[in-house]
Structure formats: structure tokens, C-alpha cells
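Enquirer: Dropping the structure in here first, questions after.
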Amino acid sequence: MGRYKDTYDAWKRDPEGFWAEAAKEIDWFKPADKILEEKNGLSRWFVGAETNSCWNALDRHVKAGHGDRTALIYDSAMLGRVKKFTYAELLDKVATFAGVLQSHGITKGDRVLIYMPMVPQAAVAMLACARLGAIHSVVFGGFAAKELATRIDDAKPKLIVSASCGLEPGRVIAYKPLMDKAIEMSAHKPAACIVLQREMEEAPLIPGRDFDWKAEMDKAAAANNKPDCVSVAATDPLYVLYTSGTTGKPKGVVRDNGGHMVALKWSMKNVYDIDPGDTFWAASDVGWVVGHSYIVYAPLFHGCTTILFEGKPVGTPDAGTYWRIIAEHGVKALFTAPTAFRAIRKEDPKAELVGKYDLTKFEVLYLAGERADPDTIQWAEQALQRPVIDHWWQTESGWPMVSNPMGIERLPVKHGSPSVPLPGYEIHVVDEACKQVGPNTTGAIVVKLPLPPGCLPTLWENEAGFRESYLADYPGYYKTADAGFLDEDGYLYVMSRTDDIINVAGHRLSTGGMEEVLAAHPDVAECAVIGIADAMKGQVPVGFLVLNAGVARPAAEIEQEAVQLIRERIGPVASFRKAMVVQRLPKTRSGKVLRGTMRKIADGAEWTTPATIDDPAILDEIKTVLERELAR
């Protein structure tokens, strides 16, 4: 760990000096008066500095003579369409849309809510807001009207940017009626809506409130209304992103301009080993933090080519879509969620489709968004013959907290671990009394304050909620709400959310550890373990198994083998006696399994369909299976 350790120790010795050096990679209109300011447990980075995120993403590259470099590739597997934009072309579109926003009265500090599918206009709208110093809040396209309404009421946008529809395999989802209903439900009313009309379904516009994207762009272009970048404070918000699955008052994670740029620019080389001009693909959605950080912002700050993909890992048209995109666009690194690879493996268990494509430019696969079980990682390693790097971060952090630092030093991979803390993050594992536990002992994962640049400084108009959610439980630390352990080499193992640690007859057991065992079964494509209430033992675990395509053996046989695996690898202490084969697992659109909702269904507690769910019908299937199996 030579070079990694030297870099990490250099940060620890002088955190402010470390980030001041990293900040030299960013264009500042005015330098910082103070690198870090701490007040009452809250931290602000680059205080007094002025800059602009759009300038650093686009203008400066064009000014440096890189205007002809490809900035963004839109690849729609849904439409069979590819469109490329150079830095100069993307800058022109962003500046023009900034003119559209300006003509509707948008100025520095105003909020703009973006409710869009995965189309280039979504990225254009985000960057145009940044250009004017307006604060964007992207809500995942197709979100339910009620959830959209709560976000409208919290962010109070002056304007909404949307589209007539989005696409899912085999269906068109009308966005405009959802947006109309959300505005009707919300107390706050935006002054205007700009709607991108897509040819597969045009939407009727409300006169006086709704405006056509193309007509507005044409008007701004004809008037040559292309405003320059507005100077904003480094500590001013760039965006507000609402965390998924919130109830009551939504949690709006605030991202500042300065710290965000410094951290993301630093991460592109040091974490992902990407150089300017390389093609980087984050297969996510702009509605999630990965889409913000690693589709739109970080690759453009770094002068890379980024891919904006409209499609799914399977079914658009098959489980070879990812390999087609990597080959066609010369992708150097892919970043996606483990659930995408489980879906690919389920459809193509022998990875036969990989051999159809030329992946010579492809160097490394990064996984994040949920726990990557060792079996999925090993399958991907064998299929791709490339390093597969699990790494760990959150909406709140905005960039990786723990990773194999591929651009500093390629450390040995330990399956099941996202590797080591990155500079900026001092990770501890503590018990309920906030006392540090020893190596290989499971506890709550916390980060010593202050948080580094790029992390949330607070929640939108809710500092009390920020303190209560993240700072109150472990004084002096940020609570990640994840549980796991550090081994003797300093590698972190993130086993589950803290509420997925179950108590079986006084034994604290990680559901993630059990899932790791079940995932190793050769017929299992993916799995989930939850703890359900038990009168005798407090809780007992039950497992849900999704099988690989083409498995013809009886489900009961595989279920019994799964129970036996847990008994052999974890022991009778787990009290694991029930595994059930299901067709699919309920997930959020970003691929996280809805274990908490499954647990409520199993316990007969009240539950509601989470707003972030990908397909609500799956919960009814799970309920039917649970009622049948638990009645036996």
C-alpha cells in the first residue's frame, strides 16, 4: 500500500493543504479566503471563493482548444439512436437554454425542477441552471405525482422542465399528466413549465403556463440570447437532490459548487484512473446521484467523453447491450450497479454474448449503489477478464468514500470489500455507545468530522433535520446508517443497512453475510434475506431466491440446498430454515432491493408502496409467496 498510504497520510497530516492543492485543477473567478470553515459541527469548503460549475464543465475546455472533442454521446437502445455532441456543440445548446431560462425570469438562487427521461436535454437543463447560478433539483422521470408534489413544495421551483413522455421496454410512460397532477396537488405553483415534446407521444400544453422546448430554443437562438456564466460563491448550492424512499418531509441533499468540483475532478484520475479524452460510462440515471456526479459533472469537469444511455441492461434488446455500447464507443471504464450484472447473468449465465463484441479498449468495471456480493464480482471477472472494483458511497457523500484507488495504486482486491477509505474519509466502526470496535467486529460505520469537499453541507432549508439525521447519534461523526466491519488490513466490509442487522435469540447477524452465502449457489441469480418477527427468537431470517434463466430443477430442491448452505457456512445460530424461490425481487429504480417493505409485509405490519419502486406489482407477488410459505 505504498503510494496509497503516502497519499492518505498526506491528506491526514494536512487536510486543508491537500484540498487546496486539488483545487488548483479548477478555474476560480476569485480564490478562497479560507479553505475550511467549521461552525457547530457544520463545515464549509473554499469560503469566499467564486466560480461556476458550467464554466468548468464546458467553457474552459472550449477556450483551451478542445471544442471539437466529443463531450456527450446519447445512446438510446430504446430507439436505436445514437447522437454525439462536441464540447462546442454542447456549450452552444446549454448557453441557448440558459437564455430560455433567463427569458422566464430565472436568476441566481432560483430553483428549477427537472423531471426528464434519459435524453440529452436533461443534461443541458442541468448545466444551463448551473450557468445562471440557479439551483436544479432533478426528480427521476416517471415518479408518482404525490412524490413529485412533495418535492415541488419543498424546493419551491420557479420553473419546471419536463418531457411529454419516457420509455420503458415495451411501453411509453406519459410524464405530462403526472406533472400536471403534481402541480394540482402542490401548494406551491411554478410560474412556467417547459416541455420537451417527444415524437412517440406529444402532450397537450396549458396556454400561459406551458412552453414547447423546441420553440423556446429557436426563439433564444434567433435572439442570440446566450448568457455568460454567472459567478457564484463556492458555498452556494449547485443542486438539491432528494433521497429516495423518504416519508413526510423529504430530505433534500444540498450540493455546493466549489467542494463538489474539487472532489469530483480529483476522483476521476485518482479513483477511476481516467484521463482527459477518455470515454467514461456511468450506466445510471440523471435522477440519481450517480447520474449527477458521473454522467453529467465529473467527466465534463475532467474533459472526458461521457455516455448518456437510455435503456436497460437486459431487454433492449438483449443481455449484450452493455457490451455493444462499450465496443461501439470505446469505453475505458464502466460504472454500474451490481443489480445490472445480476440481471445480465440471469439472462446469459455463461456470458456467451461477451464474445460477440470487441472490448479491447475496455479496462475496468466499477460497481456501486448496493452491496456487491463476491459471487457477482467473480462472475463478472471471469466473463470480462478485467478488474472488477466494488466501491462504496452515498447520495449524501456525492463521490466515493471507500474504493480501490485505481489511479493512485491498484491494491489487491478482496471479494466482498469495497477496499479502503479514500483521502477525506476517516472511517470508524463503532458500537451503540460510539466506542470503536476491534477488527472483524460488526458495528455502525461512521465518518469522523469534518466531512471532505463534495459531501452535503446540510439539507435544503432543514438544518435541524440534517443534525438529527446524520450528526446526533454519534457525536463527532457522520452516521452512514450502514453496518459492517474493518479487517486487520483496513479494508472495509459493508454488510447491510444498520436496520438490516437482525437479532436472532440475542445474536446480532448481518443479512448481507447470509446473502453472500446464498449468492454462491450456482443456480441463484440474485437473492435477498430479511429478518421477520418470531415470538421465540425475536427475529429469524428468511431468504428469497431468483434463479438463473434455464434452471429446470424443482424449486423445493434448490430451497433446501440454500438452507443447508447457510447451516454449513454460518451455522445453526442463524436459525435459517426458510428459503423461497420468487420470479423477481422488488427494487427501486436505482436497483436497491426493498428489504424494509418486504419485512413489513412478512410481519403483517402496515406498509405503503415506496415511491421509488420500479414495478409495484412485484410486492403483490412477494405478499402471495410469503402468505403461502409462512402458513406452512
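Here numbering that gives the first Met the number 0 is used: the first residue of the sequence shown is 0, the next is one more, and so on. Glycine included, C-beta positions come from ideal geometry on N, C-alpha and C.
Return the CA-CA distance between Ile343 and Trp322, expressed in angstroms with no decimal places.
Expert: The sequence position of residue 343 within the sequence shown is 344, counting from 1. The sequence position of residue 322 within the sequence shown is 323, counting from 1. Across the structure, Ile343 and Trp322 are spaced so that their CA atoms are roughly 11 Å apart.
Enquirer: When you compare each of Leu237, Gly319, Ala282, Ile388 to Leu366 by their alpha carbons, which one comes out closest?
Expert: Counting from one through the sequence shown, the residue named residue 366 turns up at place 367. When each option's Cα is compared against that of Leu366, the closest is Ile388.
Enquirer: Excluding five sequence neighbours on each side, which residues of the same chain lie with their C-beta closer than 7 Å to the C-beta of Trp54?
Expert: One-based indexing of the sequence shown puts residue 54 at position 55. Hits under 7 Å: Asp26, Cys228.
Enquirer: Rank Ala222, Ala221, Arg197, Asn224 by C-alpha distance to the C-alpha of Asp211 and give the top, closest one.
Expert: The count along the sequence shown starts at 1 and reaches residue 211 at position 212. Closest option to Asp211, judged by alpha-carbon separation, among Ala222, Ala221, Arg197, Asn224: Arg197.
Enquirer: For the region 198-206 and the region 156-171, state whether three or more C-beta atom pairs, one from each stretch, are separated by less than 8 Å.
Expert: yes
Enquirer: Report the option in Gly603, Cys526, Arg80, Gly415 whose CA atom is closest to the CA atom of Met117.
Expert: Position 118 of the sequence shown, counted from the first residue, corresponds to residue 117. It is Arg80.
Enquirer: Kindly indicate the opening and closing residues of the alpha helix (DSSP H) around Gly258.
Expert: In the sequence shown, the residue the question calls residue 258 occupies position 259. Run containing Gly258: 257-269, per the alpha helix (DSSP H) assignment.
Enquirer: In this structure, what does DSSP give as the bridge partners for Arg43?
Expert: Against the sequence shown, residue 43 aligns to sequence position 44. Paired residue(s): Glu36.
Enquirer: If we require 3 or more residues per run, which beta strand (DSSP E) segments fall completely within the region 480-536?
Expert: 491-496, 500-503, 506-509, 523-533
Enquirer: Residues in its own chain within less than 6 Å of Val637 by CB, not counting five upstream and five downstream?
Expert: Nothing can be reported for residue 637: it is not among the residues displayed for the chain, which extend from 0 to 631.
Enquirer: Opposite Gly542 in the DSSP bridges: which residues?
Expert: Here the question's residue 542 lines up with position 543 in the sequence shown. DSSP output for Gly542 lists Val528, Ala578 as bridge partner(s).
Enquirer: Under 6 Å Cβ to Cβ from Phe308, same chain only, skipping five residues before and after it: list those, please.
Expert: If you number the sequence shown from 1, residue 308 lands on position 309. Within the same chain, Cβ atoms closer than 6 Å to the Cβ of Phe308 are found at Asp74, Ala282, the five residues on either side in sequence being excluded.
Enquirer: Please check the pair Met405 and Tyr271, which I expect to be a contact at CB under 8 Å, by giving their CB distance rounded to whole angstroms.
Expert: Working through the sequence shown from its first residue, we reach residue 405 at position 406. Working through the sequence shown from its first residue, we reach residue 271 at position 272. Between Tyr271 and Met405 the Cβ distance is about 6 Å, and since that is below 8 Å, they are a contact.
Enquirer: Under a three-way DSSP split, which group does Gln196 fall into?
Expert: Here residue 196 corresponds to residue number 197 of the sequence shown, with the count starting at 1. Gln196: coil per DSSP, three-state reduction.
Enquirer: Compare the beta carbon distance of Thr305 and Leu57 with 8 Å and say whether it is the shorter of the two.
Expert: As a working note, residue 305 is residue 306 in the sequence shown. As a working note, residue 57 is residue 58 in the sequence shown. No, these two residues do not count as a Cβ contact at 8 Å.
Enquirer: Can you check which of these residues, Glu487, Asp374, Leu112, Glu515, is closest to Ser495 by C-alpha distance?
Expert: Counting from 1 along the sequence shown, the entry for residue 495 is found at position 496. Comparing Cα-Cα distances from Ser495 to each of Glu487, Asp374, Leu112, Glu515, the minimum goes to Glu515.
Enquirer: Measure how close the beta-carbons of Gly40 and Leu448 come, nearest whole angstrom, since I'm counting them as under 8 Å.
Expert: On the sequence shown, position 41 is the one that residue 40 refers to. On the sequence shown, position 449 is the one that residue 448 refers to. About 6 Å separates the two Cβ atoms, so the contact holds.
Enquirer: Could you tell me which uninterrupted alpha helix (DSSP H) segments, each at least 4 residues in length, are contained entirely in the region 372-402, listed from first to last along the chain?
Expert: 373-383
Enquirer: Identify, in the order they occur along the chain, each residue of the same chain with its Cβ nearer than 8 Å to the Cβ of Ser42, setting aside the five sequence neighbours on each side.
Expert: Working through the sequence shown from its first residue, we reach residue 42 at position 43. For Ser42, where only same-chain residues beyond five positions count, the Cβ hits under 8 Å are Leu35, Glu36, Leu448, Pro449, Leu450, Pro456.
Enquirer: How would you write the range of the beta strand (DSSP E) that Glu215 sits in, first residue to last?
Expert: The residue you call residue 215 lines up with position 216 of the sequence shown. Note, Glu215: premise wrong, no beta strand (DSSP E); alpha helix (DSSP H) at 212-221.
Enquirer: Let's see if you can read the secondary structure: which residues bound the alpha helix (DSSP H) around Thr697?
Expert: Since the displayed the chain opens at 0 and closes at 631, residue 697 lies outside it and no answer follows.
Enquirer: Could you tell me whether the region 521-538 touches the region 548-563, where touching means 3 or more Cβ pairs closer than 8 Å?
Expert: yes
Enquirer: Rounding to the nearest angstrom, what Cα-Cα distance links Ala133 and Ser102 in this structure?
Expert: Within the sequence shown, the letter at position 134 stands for residue 133. Within the sequence shown, the letter at position 103 stands for residue 102. Rounded to whole angstroms, Ala133 to Ser102 spans 13 Å at the Cα level.
Enquirer: I'd like to check one pair, Ala143 with Asp372: are the Cβ atoms closer than 8 Å?
Expert: What you label residue 372 is simply residue 373 of the sequence shown in a count that begins at 1. What you label residue 143 is simply residue 144 of the sequence shown in a count that begins at 1. No, the pair does not count as a contact, with Cβ atoms beyond the cut-off.
Enquirer: How would you call Asp276, buried or exposed, if buried means at least 16 neighbouring beta carbons within 10 angstroms?
Expert: Residue mapping note: residue 276 aligns to position 277 of the sequence shown, counting from 1. The sequence given here places Gly at residue 276; Asp does not occur at that position. With fewer than 16 other Cβ atoms within 10 Å, it is exposed.
Enquirer: Is Ala181 closer than 8 Å to Ala148 when the C-beta atoms are compared?
Expert: Sequence index remark: in the sequence shown, residue 148 carries index 149 (1-based). Sequence index remark: in the sequence shown, residue 181 carries index 182 (1-based). Yes, the Cβ-Cβ distance between Ala148 and Ala181 is below 8 Å.
Enquirer: By the 10 Å Cβ neighbour count, where 16 or more other Cβ atoms means buried, how is Glu146 classified, buried or exposed?
Expert: Locating residue 146 in the sequence shown gives position 147, counting from the first residue. Label assigned to Glu146: buried.
Enquirer: Between which residues of its own chain and Ala601 is the CB-CB distance below 6 Å, once the five residues before and five after are set aside?
Expert: Counting from one through the sequence shown, the residue named residue 601 turns up at place 602. Contacts found: Ile531, Leu625.
Enquirer: If we cut at 8 Å on Cβ distances, does Met579 have a partner in chain B?
Expert: Note that chain B does not occur in the displayed structure, where there is just one protein chain.
Enquirer: Run through DSSP, which three-state label would Val288 get?
Expert: By 1-based counting over the sequence shown, the position of residue 288 is 289. The answer is helix: DSSP assigns Val288 an H, G or I state.
Enquirer: Have a look at Ile557 and Cys128 and give me their C-alpha separation to the nearest angstrom.
Expert: Along the sequence shown, read from residue 1 onward, the residue named residue 557 stands at position 558. Along the sequence shown, read from residue 1 onward, the residue named residue 128 stands at position 129. The alpha-carbon atoms of Ile557 and Cys128 are separated by roughly 53 Å.
Enquirer: Looking only at its chain, what residues have a beta carbon closer than 7 Å to the beta carbon of Ala9, apart from the 5 residues adjacent to it on each side?
Expert: Within the sequence shown, residue 9 is the residue found at index 10, counting from 1. The beta carbon of Ala9 lies closer than 7 Å to those of Phe17 in the same chain, with the five residues before and after it left out.
Enquirer: Considering only C-alpha positions, which residue in the set Phe543, Leu78, Pro438 is nearest to Glu167?
Expert: On the sequence shown, residue 167 is found 168 positions in, with the first residue counted as 1. That would be Leu78, whose Cα lies nearest to the Cα of Glu167.
Enquirer: Could you name the residues of the same chain whose beta carbon sits closer than 6 Å to that of Gln435, not counting the 5 residues immediately before and after it, in chain order?
Expert: Residue 435 sits at position 436 when you count from the first residue of the sequence shown. Closer than 6 Å at Cβ, skipping near neighbours: His427, Val429.
Enquirer: Since Leu470 and Lys250 are thought to touch, with beta carbons under 8 Å apart, how far apart are those beta carbons, to the nearest angstrom?
Expert: By 1-based counting over the sequence shown, the position of residue 470 is 471. By 1-based counting over the sequence shown, the position of residue 250 is 251. Not a contact, Cβ separation roughly 14 Å.
Enquirer: Would you give the residue range spanned by the beta strand (DSSP E) that Asp74 belongs to?
Expert: For the purposes of this step, residue 74 is taken as residue 75 along the sequence shown, with counting starting at 1. For Asp74, the enclosing beta strand (DSSP E) covers residues 69-75.
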